[in-house]
Each structure stands twice: as structure tokens, then as C-alpha cells.
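Here is the structure we will look at.
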């Protein structure tokens, strides 16, 4: 059983991030098998490194419907119940899954960013779980405490070209340099199956992998009862073409299943 204390809930609401020890401790081997299946047949893989940059960084998402290991973990593990407690929502709905694998010697860090502006959903009740399937020290996820409460979103960019994600003028704040600006950064040494839970609006990044072993990570994005579809200035990531939703609607349940609480 995974215990979510009142202190964890308070930290999540205050900081936009908290460590959940052992969230998927009983599911590590299943997730490893699912990642192996995903890497053997990727579907949405995008370039993550520039030509000549060291290492290899695998990045793919939205595969739970075709990878049975992911579907089982999403539907049978305590993740949705934990998310409900952290978000303060009786209702939890799946948004998408995400796999990230940094091979040894991948020196490039994951750039600082917030996920929210890339998505077509907004709400206060959101949570991403980032869980390593290998012991993590040097390549940990890093989150800026309290950034989910900033009044404006951080500018979304394309990681390889380093250009703006959406065309035109937007009311975003520039991507900050948290270390140079003295921001409070949360990061933890983690064991396989531990998870960092963070809000879609929390500024985060990850170190490069300088260890001698690969760093496999499984992420799951969930939303609560106040989450609604919004239109962005261009195609979102993930795009979900043909969804047919209108601004202000909840995500359609046949594409984004309700995992916890009333439908």
C-alpha cells in the first residue's frame, strides 16, 4: 500500500511537487517489459538530440492502448487513487503515458520547461508521475518549488531547434535559469518504482545521464474534475488529431478514461 500523508498533500499544493516512495515498486518489472516493447516499436518518437550530441535519448508517448503492461499499471496500480488525494479531486481521468530513456553518456540535460502550455487541457487539478525504473542519483528529475502558482505560463519551446513552439505573439514568461536566479529546486535520489508527482504547470528539467547505466523512466499524466479542453495557437503535444472537443469541455471519456471516481 502507498500512504499519502496530509504533509504530502500540503507539500504538493504548496510546492507543486512531492516524492511518492514506492508508487510502482510492485510494478517495476512490468513497466520495464512495457518499455522494452515500446522501444522495439515506437510510434511518436521525436528527435531529442542535435547531430553530434553525445549519447541517446529515447522519447515516446501515448502507447497505453497497444502496450498491455502500461494498460495494466494504469488501471490496476494505486496511481489514480494517489493522484486523487494529491490533487484534492474525487475524479481522476487519464491524459497520457510517456516513456523517456537516457542511455549512459547522454550529457545533454532535459531543458527547463512546464508541460501545461504544450497540452490542450488546463486546470488546477493535474498531476504527472515520473518514475525511474533504475536507481537514480545524477540524472534525477528537478522541479522548481512553487512555480505552478506563477501568474503566467513559461514559454514552450522546441528542444532541438530551440525555437518557440507556437507561432506569433504570446503572453508567456521567458524560460528562467532556476540555478542562476536562486530558485528552490526539489530533487531526490530515487529507487526503481519511486515517483515524483508534479503539477502540469511546475517548471522542471532533468540532468544528463553521466552514470554507467541507462536511466529508464515511465511517466503518467492525469487530470482531475476541474480540467477542461482549451485551444492553443497551434498543434499541441501530444496532438490527438480528430478529437472533436470544444473549449470548456471535459476530455472525452472514450479517449481519456476515468480511472477513479464518478464518470
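Numbering (UniProt numbering), first residue to last: 1 to 263. In this text, a Cβ means the ideal position worked out from N, Cα and C, and glycines have one as well. Quick caveat: nothing in here was measured; it's all calculated off a predicted structure.
Same chain only: Cβ atoms within 8 Å of residue i, ignoring 5 sequence neighbours per side
{"i": "residue 226", "result": "89, 123, 124 and 125"}
{"i": "residue 262", "result": "90 and 91"}
Residue nearest to residue i in terms of C-alpha spacing, selected from the options
{"i": "residue 207", "options": "222, 236, 111 and 244", "result": "111"}
{"i": "residue 107", "options": "214, 169 and 27", "result": "214"}
{"i": "residue 130", "options": "147, 144 and 100", "result": "100"}
{"i": "residue 39", "options": "252, 240, 103 and 73", "result": "103"}
{"i": "residue 73", "options": "30, 62 and 36", "result": "30"}
{"i": "residue 8", "options": "192, 152, 231 and 196", "result": "196"}
{"i": "residue 260", "options": "233, 78, 156 and 11", "result": "78"}
{"i": "residue 168", "options": "217, 229, 155 and 176", "result": "155"}
{"i": "residue 202", "options": "262, 84, 60 and 176", "result": "176"}
{"i": "residue 172", "options": "96, 121, 152 and 204", "result": "152"}
Beta-carbon contacts of residue i that lie in its chain and below 6 Å, excluding the five residues immediately before and after
{"i": "residue 137", "result": "189"}
{"i": "residue 53", "result": "108"}
{"i": "residue 200", "result": "115, 116 and 126"}
{"i": "residue 248", "result": "228"}
Beta-ladder partner(s) of residue i, from DSSP
{"i": "residue 172", "result": "In DSSP, residue 172 forms no bridge with anything."}
{"i": "residue 219", "result": "98 and 130"}
{"i": "residue 185", "result": "144"}
{"i": "residue 190", "result": "136"}
{"i": "residue 243", "result": "DSSP output for residue 243 lists no bridge partner at all."}
Residue i, buried or exposed, once every other Cβ within 10 Å from all chains shown has been counted against 16
{"i": "residue 221", "result": "buried"}
{"i": "residue 67", "result": "buried"}
{"i": "residue 69", "result": "buried"}
{"i": "residue 93", "result": "buried"}
{"i": "residue 4", "result": "buried"}
{"i": "residue 1", "result": "exposed"}
{"i": "residue 157", "result": "buried"}
{"i": "residue 132", "result": "buried"}
{"i": "residue 160", "result": "exposed"}
{"i": "residue 75", "result": "exposed"}
{"i": "residue 233", "result": "exposed"}
{"i": "residue 244", "result": "exposed"}
{"i": "residue 60", "result": "buried"}
{"i": "residue 142", "result": "buried"}
Cut-off 7 Å between Cβ atoms - residues of its own chain near residue i, not counting five sequence neighbours on either side
{"i": "residue 256", "result": "93, 94 and 95"}
{"i": "residue 22", "result": "2, 193 and 194"}
- Given 8 Å as the limit, is there contact between the region 12-19 and the region 179-198, that is, 3 or more CB pairs closer than that? yes
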